[in-house]
Structures are given as structure tokens and as C-alpha cells.
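Peer 1:
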Amino acid sequence: MLFSFLLLAILTTLFRPYFQKIFRAFGNENMLSQAHREYLQGQRTPYLVLYLTFMINAGIFLFLLLRRHYEMDLGLKNWNLLFLCIGAVAGIFILKHLLLSFIGRVFPVQKEISVYNFTIMIFSTFIGTCLFAGNVFMALAAKNLLFVGVIGVAGFVALVYAFRSIRGLLIGSRFIPLHIFHFLLYICTAEIAPVAVVVKLIMNQL
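Here the sequence shown stands for residues 680 to 885, where the numbers follow the numbering used here.
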């Protein structure tokens, strides 16, 4: 947890203006468009670093979920499991962006795909920032309170995900009616399948 506090302190010192932009872009479409333009014009590093922080925090949360809440051993040392969890989260999102980029090349929707890719980054970074608190709770809370933390984080992520999905539908409103099959294929492959796999793996260990 010392690493999390140190990371948060460094990020807020280096990228405070970008934290503000991300939180504004989360609830304001005009701010999202402005941030996207800045990103395309070369201000990529702060957004990518903060996005990477989300992957790290999400991986830490998954690690704490497996180790503290479900008490899974999995035959791995703590550091190995932690890196595996972070790598799994990063892999899922990298594959999602690659799939979206492929769709953008195949169909005439590169602009919409670019905006949606950036929207995923913004919303994920928002979640990652809030996960600092969630991870501290999961690491330090008494065993009988862990379920409360899991439900709280799951509910929060579900709400953010639902909001992001609405934004995504608005972004793709021109594309979806013309390519409904490919849209459903993307939803099943990139949105539902990764969650289903993670849930299945956890359930198999119970």
C-alpha cells in the first residue's frame, strides 16, 4: 500500500491539470472532445501514464480480491500473482483497443473508433483513480468487511461502465444501424467475453 500512496502522490504532483481534465471529461461531452483533440495533437504521455495507472490499480484490486476475499493460493507467490493480475488486466484492454483499431480500418468509422478508444481511456482512468481508495480498503479492512468493499467497488464500476456504454452508443449511433451484426460481435468478443472468463476462473476456484 505504500507503493500506492507514493504513486498517487507522484501522479497528482506531475499531472494535476490532467486529473482535472479527466474528471471534467467524465461528465461533460464537450470537455471529452477537447481532451481528445489535445491527445491527438501530441499530449499523449500524461493520458497514457494515467491509463497505465488504472491497469496497475485494477490488477492490484484483482490480486486483493483473490488473495484476501477468496483466499486463493493458486500455487503462486504474492508478487507473481500480482504481476499476473496486472498483466491480465493490461492484456484485456490492449486486445480491446487492437480490436477496435481493426474495426476502424475495416469500416469507415475511424473517427468514431478514435473517440471511443479515448473514451475508454478516460473512463478507465476515472475508475483507476477511485480504486486507490478501494485498494486501501481491501488491503486493510477486517475480513468480515471485505464483502462490503467488493460490493461497493463492483457497484461503482458497473455504474461507470453503464455510463460509458451510453456514451459509446451515442458515439456509434451512425455506425450501429448499418453494421448491427458486427456491433453485436464486438460486444460479445470485447465487452462480455473478458468479464465472463474472469468470473468463470474465479468461480472454478471456489
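We put the beta carbon where it would ideally sit given N, CA and C, even for glycine. Given the structure is predicted, the values throughout are model-derived calculations rather than measurements.
Is DSSP giving residue 789 helix, strand or coil here?
Peer 2: Counted from its first residue, the sequence shown places residue 789 at position 110. In the three-state reduction of the DSSP assignment, residue 789 falls in the helix class.
Peer 1: Quick check: the Cα distance between residue 766 and residue 832, rounded to an integer number of angstroms?
Peer 2: Looking up residue 766 in the sequence shown gives position 87. Looking up residue 832 in the sequence shown gives position 153. Taken atom to atom, the span from the alpha-carbon of residue 766 to that of residue 832 is near 20 Å.
Peer 1: First and last residue of the alpha helix (DSSP H) that includes residue 843?
Peer 2: The residue you call residue 843 lines up with position 164 of the sequence shown. Following the DSSP letters along the chain, one finds residue 843 inside the alpha helix (DSSP H) bounded by residues 825-850.
Peer 1: Between which residues of its own chain and residue 804 is the CB-CB distance below 8 Å, once the five residues before and five after are set aside?
Peer 2: For the purposes of this step, residue 804 is taken as residue 125 along the sequence shown, with counting starting at 1. Cβ neighbours of residue 804 beyond the five flanking positions: 701, 726, 729, 730, 732 and 733.
Peer 1: When you compare the stretch 784-800 with the stretch 703-715, are there three or more beta-carbon pairs, one atom per stretch, that lie closer than 8 Å?
Peer 2: With a cut-off of 8 Å on Cβ pairs, the stretch 784-800 is in contact with the stretch 703-715, counting three or more such pairs.
Peer 1: Entirely within the stretch 735-794 and at least 4 residues each: give me those alpha helix (DSSP H) ranges in chain order.
Peer 2: 757-785
Peer 1: Taking DSSP as the reference, what is the three-state secondary structure of residue 820?
Peer 2: Counting from 1 along the sequence shown, the entry for residue 820 is found at position 141. The answer is coil: DSSP assigns residue 820 none of H, G, I, E or B.
Peer 1: Does the beta-carbon distance from residue 743 to residue 814 come in below 8 Å?
Peer 2: Within the sequence shown, the letter at position 64 stands for residue 743. Within the sequence shown, the letter at position 135 stands for residue 814. Yes.
Peer 1: Just tell me which of 717, 762, 820 and 757 has its CA closest to the CA of residue 737.
Peer 2: Position 58 of the sequence shown, counted from the first residue, corresponds to residue 737. Checked all of 717, 762, 820 and 757; the closest Cα to residue 737 is 762.
Peer 1: By DSSP, does residue 698 sit in helix, in strand, or in coil?
Peer 2: Counting from one through the sequence shown, the residue named residue 698 turns up at place 19. If DSSP states are grouped into helix, strand and coil, residue 698 belongs with the helices.
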